[in-house]
Every structure is written in structure tokens, then in C-alpha cells.
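Engineer: Under this note's numbering, think of the first position of the sequence shown as 5, with each following residue one higher. We put the beta carbon where it would ideally sit given N, CA and C, even for glycine. A quick note: this is a predicted structure, and the numbers were derived from the prediction, not measured.
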Amino acid sequence: MRPPYDTIVTAPGSLGDVNPLVGIARSLQARGRKVLFLAAEPYLPIAERAGLQTHVLTSHAEFNELVKNPNVWHPRHGPRLLLDKMLGDSINPHYEWLLAHCTPGETLLISHLLDFGGRVFRDRFPATKLVSVVLAPVMFRSLSAPPRVSRSGIECRLPRSLLRAAYWAADRFIDSLALKHINPLRRRIGLPPIKRMMKDWWMSPDLTIALFPDWFSVPQIDLPKQVRTVGFPLTDSAALVAPEVEQKLQRIIVGFGDQRPVVFAPGSAHFQAKPFLIKAVEACRRLNLPAILLSPNPDEVPHDLPANIVTAEYLPFSKLFPHAHAVVHHGGIGTTSQCFAAGVPQIVLPMAFDQFDNASRVEKLGVGAWMPMTKVTPLSLTQLLANVSMNSSIETTAALLASQPSACERAAELSIELQASSNPT
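1) Which complete beta strand (DSSP E) runs does the region 305 to 339 hold, if anything under 3 residues is left out?
2) If you scan the region 33 to 92 from start to end, which runs of the beta strand (DSSP E) of 3 or more residues do you find wholly inside it?
3) Which one or two residues does DSSP pair with GLN350 in a beta bridge?
4) Who are the near neighbours of ARG365 in its chain, counting only those whose CB is closer than 7 angstroms to its CB and skipping five residues on each side?
5) Could you check whether LEU215 and PHE236 sit closer than 8 angstroms to each other, using their CB atoms as the reference points?
6) How should GLU248 be labelled, buried or exposed, when 16 other C-beta atoms within 10 angstroms of its C-beta is the threshold for buried?
7) Are the region 19 to 38 and the region 86 to 106 touching by the rule of at least three beta carbon pairs closer than 8 angstroms?
8) Classify ILE313: buried if its beta carbon has 16 or more other beta carbons within 10 angstroms, exposed otherwise.
9) Strictly by DSSP, which residues pair up with PHE268?
10) Helix, strand or coil for THR233 per DSSP?
11) Which of the three DSSP states is assigned to SER94 in this structure?
12) Is the Cβ-Cβ distance between PRO209 and GLN230 less than 8 angstroms?
13) Look up SER154 in the DSSP assignment and give the residues it is bridged to.
14) If contacts are defined as beta-carbon pairs under 8 angstroms, then LEU85 and ASP127 qualify, I think. What distance do you get, rounded to the angstrom?
15) Would you report the Cα separation of TYR99 and ASP361, rounded to the nearest angstrom?
16) Taking SER165 as the reference, which of ALA182, ALA174, LEU147 has the closest Cα?
17) For THR212, write down the residues that DSSP places opposite it in a beta bridge.
18) Does DSSP put SER115 in a helix, a strand or coil?
19) Tell me the DSSP bridge mates of VAL13?
20) Contact defined as beta carbons within less than 8 angstroms: I believe PRO2 pairs with ALA330. What is the distance between those atoms, to the nearest angstrom?
21) Given that a residue counts as buried once 16 or more other Cβ atoms are within 10 Å of its Cβ, and exposed if not, what is PHE177?
22) For TYR9 versus LEU48, is the C-beta spacing smaller than 8 angstroms?
23) Provide the residue span of the alpha helix (DSSP H) that contains GLU159, from first to last.
24) Around the C-beta of LYS133, are 16 or more other C-beta atoms found within 10 angstroms, so that it is buried, or is it exposed?
25) Taking just the CA atoms, how far does GLU413 sit from MET143?
26) Alpha helix (DSSP H) containing ALA242: first to last residue?
27) Answer yes if the region 115 to 127 comes into contact with the region 334 to 341, meaning at least three C-beta pairs across the two stretches below 8 angstroms, and no otherwise.
28) How would you label ILE28, buried or exposed, when you count the other beta carbons within 10 angstroms and need 16 or more for buried?
29) Keeping to the same chain, check which residues put their C-beta closer than 8 angstroms to that of ASN187; ignore five residues upstream and five downstream.
30) Pick out whichever of GLY17, VAL305, ARG53, SER384 has its Cα sitting closest to the Cα of LEU61.
31) Can you give the beta carbon distance from GLN263 to PRO310, rounded, assuming they're within the 8 angstroms contact cut?
32) Please confirm whether ALA356 and PRO83 have their CB atoms less than 8 angstroms apart.
33) Which same chain residues end up closer than 7 angstroms to CYS343 when comparing Cβ atoms and leaving out the 5 residues on each side of it in sequence?
34) Looking at C-alpha atoms only, which residue of VAL267, THR212, SER94, ARG168 is the closest neighbour of LEU389?
35) Measure the CB-CB distance between SER299 and GLU317 and report whether it falls below 8 angstroms.
36) For the alpha helix (DSSP H) containing MET202, list its first residue and its last residue.
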């Protein structure tokens, strides 16, 4: 019996990873596709409110165990922990689930890069078309404009010969974490082992969709031939939030009146943000600035706050940021793009993953400033906030995004075209 869907969209990760894939899934569903959406259990209600059929990819308990680990935001330990957990715990059961629920040649797979089971499944059944979704340019290697992956940024100043060596060393490191989980599965199902995973294998050879615009990307010459850049998705599921979230947002906006608060958004999966939020409160006290502190864990929020500082576990950025004086955030690509769209200054405090590269691009575009989260003090944050002001670059990037076509619609269109081209009628 065939499954009641023809497209599986897989979105491992936090809210910033889930929202763009929900946007693509909704666009596919609007075009008549029967979509099954897979994500961590805490985020499935968002997809369900969109009318999507869902399946649990990671349980509440497994997700909380990962995001509450203090090492998850460490620049070195974080990627190690993430790869080890995402692969060690999920690659085999997810592959077996696909084996039972995916019809090779008929089911279209659209996956975040952390869906390793789907990538192996595509190699085992090449007739199954896989669309890889890349959320940030840091995942693409460039010899002419290398992405920033460290606090020091030394990799951005290397000559090409040393840069190639650095990429080789990075491959050795990534392979040591990932291939101990991937290659045993490949051997078990009759596939040859892989090496240099990030260079030669990670992204789908069928189609890779880059969810950011060309002006935020690496040079076109450095993009693999199967990559299509479609723009920022700018979807934060604002229309899908629970009614009480929308009501709280409106109360906060009305409560500030003509004042424009500073929004502090250290990350939807950041459960170790209390020290930073304490510094944020002190900086706002020094400048007498109103503020909104966002944290998924109420225990992280400081007590005895001034009347002009309010808190929330989550508020949709697309509706909140246009009312902000500035946004101080961790450098996640979803938050970064929503700041661009709202035309609001950014102060980026990166910790790990793609965040250093996103922060560097924000600064180069002239729309904000950044420093590593580990360097933040009340004084340094006060100085950054005092220097933040609107400028023409911020207005220009906001106008560029306002005029872009829907990235989620374009991603859905390209995905359907891919499958149609492989199954001509």
C-alpha cells in the first residue's frame, strides 16, 4: 500500500531550521503535493497548525537533552556534539523509517543538511530525488572569499595554498566525527564508504537550494553546479503561532507606545543564556533603554526587572522587529535575515556554527556590529548599543528583501521541476 504522501520534508534542528522548511512545505502543499513534515517534537505544532501531516523526528526528551547540554554552543565542542548526536542517535532509525515509508522514484525528499539518513537513502536508491536545503553561506567553500568559521577569522586571511590545506584539515576533523556513523550504515546496505564528506558528499547531487540571496552568498564561481540561490525565506510562522503568543505580542507593542525597545534574542534553543541576559539588563539600565528579553526558558530570565524591560519565551520576529530600536542576537541566519527585512540595526554576538560568518557579513554590509559572545561585558554592550543607529545601508538591504520574490515558492517550484524532469510523462 502506498503512503498517503508524495513528499517528505525533513527539518532536524531548532526553530530557525524548522521555520524555513515549514515555509517550503506549505508552498508545496499549496501546489497540490501531499507533504509529510518531520521535525523535533517541540516544533510539530507549528507544522500541524499549517495543516501539514507530521511525524516525530526527535522526541521532546532527546531534543532537550541536546540543547540543554552546556557544550552545544561551544565553537569546537558544539559541532562535535551536534554531529555525534544527530548521527549516532538518528541515522540508522531514520534510514529504516525511510525504507518503510518512501517509494523510490516516486517520493520526493526535501531535507535540511542534518538529514544524513535521507542522504544515504538517495545513494541507495538513486531514482529517489533529494533536495538539500542550505540555510547559510558558511556551508559553501570559497577560495576567493572564504567563510569565517572562527572568532579570529584567520582562515579569511590565508593564501590559497594554505586555505586548501585548511579545508583538507577541516575535512579530516568532520570525517572523524561523522564517518564512524555513516560508513557502517553504507557498508551494511552495500554502498562503498565515503571520505571528505563535506567536500564531496554532504549536499545532494540532484539539487541544492541556498536559502539566501546572491548578495549575501559566496562568489558564484565557488558554488557547485547543482546549487540555486533563491533568497531569504523570511518565514517565522508568524501566522501559525498559538493565539496567546499573538495576544502577548500585541500587548507588548501597545505597552511600549512610541518607544522602540531593544530586542535581545540569544537563540530559540539557547538554554544557557542567563549570564548574557543579566549583562543585557545592566546595559539597558545604564542607557535607560526599554527592552524585550526573549528566552525559551523562563528560569534564564533575571528577576526584579525595571518596568521598561519585559520578557517572553517567543515572539514572531517578522511582527516584532519592525518595532525595535535594535536587535541583539546570536547570529542565527533566520534572525539575521529578519533584521535585514525589518530594516533594524543588528548587534551580533556569535557563539558557534554559522554565526561568526553571518556576523562578519552583517558588518561588511554596514548594517550592524559584532563581537564574540564570550567577550561581552555590560560596558562593551553599552558601548555597542550607544553606537547603533539607522543608516542608508540598512534601508537598502530592507528594500532589496521587500522586492524579492518568495524564496519558499521558488524552492517549491524548483523541487517539483526536479522530480518532473526525472519522471517525464
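Structural biologist: On the basis of the data shown:
1) When DSSP assignments are scanned along the region 305 to 339, the uninterrupted stretches of beta strand (DSSP E) that are 3 or more residues long and fall wholly within it turn out to be 313 to 316, 330 to 333.
2) The qualifying runs are 39 to 44, 57 to 62.
3) By one-based count along the sequence shown, residue 350 stands at place 346. The bridge partners DSSP lists for GLN350 are VAL331, GLY372.
4) Numbered from 1 along the sequence shown, position 361 holds the residue referred to as residue 365. Here the set comprises PHE220.
5) Sequence index remark: in the sequence shown, residue 236 carries index 232 (1-based). Sequence index remark: in the sequence shown, residue 215 carries index 211 (1-based). The answer is yes: Cβ separation under 8 angstroms.
6) On the sequence shown, residue 248 is found 244 positions in, with the first residue counted as 1. Around the beta carbon of GLU248, fewer than 16 other beta carbons lie within 10 angstroms, which makes this residue exposed.
7) Output reads no: the region 86 to 106 does not touch the region 19 to 38.
8) Along the sequence shown, read from residue 1 onward, the residue named residue 313 stands at position 309. By the Cβ-count criterion, ILE313 is buried, with 16 or more other Cβ atoms from all chains shown falling within 10 Å of its own Cβ.
9) For this step, residue 268 is matched to residue 264 along the sequence shown. Per the DSSP secondary-structure output, PHE268 pairs in a beta bridge with LEU297, VAL332.
10) Numbered from its first residue, the sequence shown carries residue 233 at position 229. Looking at THR233 - three-state DSSP - the assignment turns out to be strand.
11) Sequence index remark: in the sequence shown, residue 94 carries index 90 (1-based). Note: SER94 maps to coil in three-state DSSP.
12) Along the sequence shown, one-based indexing puts residue 209 at 205. Along the sequence shown, one-based indexing puts residue 230 at 226. Yes, the pair counts as a contact, with Cβ atoms nearer than the cut-off.
13) One-based indexing of the sequence shown puts residue 154 at position 150. Paired residue(s): none; SER154 is not in a bridge.
14) In the sequence shown, counting from the first residue as 1, residue 85 sits at position 81. In the sequence shown, counting from the first residue as 1, residue 127 sits at position 123. Actually they are not in contact, since the Cβ atoms of LEU85 and ASP127 sit about 26 angstroms apart, beyond 8 angstroms.
15) In the sequence shown, the residue the question calls residue 99 occupies position 95. In the sequence shown, the residue the question calls residue 361 occupies position 357. Note on geometry: alpha-carbon atoms of TYR99 and ASP361 lie some 32 angstroms from one another.
16) What you label residue 165 is simply residue 161 of the sequence shown in a count that begins at 1. The candidate whose alpha carbon is nearest that of SER165 is LEU147.
17) Position 208 of the sequence shown, counting from 1, holds the residue named residue 212. THR212 is bridged by DSSP to SER136, VAL231.
18) Locating residue 115 in the sequence shown gives position 111, where the first residue counts as 1. In the structure shown, SER115 sits in a strand (DSSP, three-state: E or B).
19) Translated into positions along the sequence shown, residue 13 becomes position 9. Beta-bridge partners assigned by DSSP to VAL13: PHE41, ILE114.
20) Outside the shown range of the chain, which is 5 to 429, sits residue 2, and nothing can be said about it.
21) Here residue 177 refers to the residue found at position 173 of the sequence shown. When all chains shown are included, PHE177 counts as exposed.
22) On the sequence shown, residue 9 is found 5 positions in, with the first residue counted as 1. On the sequence shown, residue 48 is found 44 positions in, with the first residue counted as 1. No. Outside cutoff.
23) Along the sequence shown, read from residue 1 onward, the residue named residue 159 stands at position 155. Note, GLU159: premise wrong, no alpha helix (DSSP H); not H, not E.
24) In the sequence shown, counting from the first residue as 1, residue 133 sits at position 129. By the neighbour-count rule (16 or more Cβ atoms within 10 Å), LYS133 is buried.
25) If you number the sequence shown from 1, residue 143 lands on position 139. If you number the sequence shown from 1, residue 413 lands on position 409. Answer to the nearest angstrom: the Cα atoms are 22 angstroms apart.
26) Counting from 1 along the sequence shown, the entry for residue 242 is found at position 238. Going by DSSP, ALA242 is part of no alpha helix (DSSP H) at all; its letter is neither H nor E.
27) Flag = no, the region 334 to 341 and the region 115 to 127 do not touch.
28) Stepping through the sequence shown from its first residue, residue 28 is reached at position 24. Buried, since its Cβ has 16 or more Cβ neighbours within 10 Å.
29) The count along the sequence shown starts at 1 and reaches residue 187 at position 183. For ASN187, same chain residues with a beta-carbon under 8 angstroms away, outside a window of 5 residues either side, are PRO197, ILE198 in chain order.
30) Position 57 of the sequence shown, counting from 1, holds the residue named residue 61. Ranking GLY17, VAL305, ARG53, SER384 by Cα distance to LEU61 puts GLY17 first.
31) Walking along the sequence shown from the start, residue 263 turns up at place 259. Walking along the sequence shown from the start, residue 310 turns up at place 306. Not quite, the Cβ-Cβ distance comes to about 13 angstroms (not below 8 angstroms), so this is no contact.
32) Here residue 356 corresponds to residue number 352 of the sequence shown, with the count starting at 1. Here residue 83 corresponds to residue number 79 of the sequence shown, with the count starting at 1. Yes, the Cβ-Cβ distance between ALA356 and PRO83 is below 8 angstroms.
33) As a first step, residue 343 must be located in the sequence shown, where it is residue number 339. Take CYS343, set aside five residues on each side of it, and the residues of its chain with a beta-carbon closer than 7 angstroms to its own are PHE325, VAL331, GLN350, in chain order.
34) Here residue 389 refers to the residue found at position 385 of the sequence shown. Here the closest residue by C-alpha is VAL267.
35) For this step, residue 299 is matched to residue 295 along the sequence shown. For this step, residue 317 is matched to residue 313 along the sequence shown. Yes, the Cβ-Cβ distance between SER299 and GLU317 is below 8 angstroms.
36) Working through the sequence shown from its first residue, we reach residue 202 at position 198. Unbroken alpha helix (DSSP H) run through MET202: 201 to 204.
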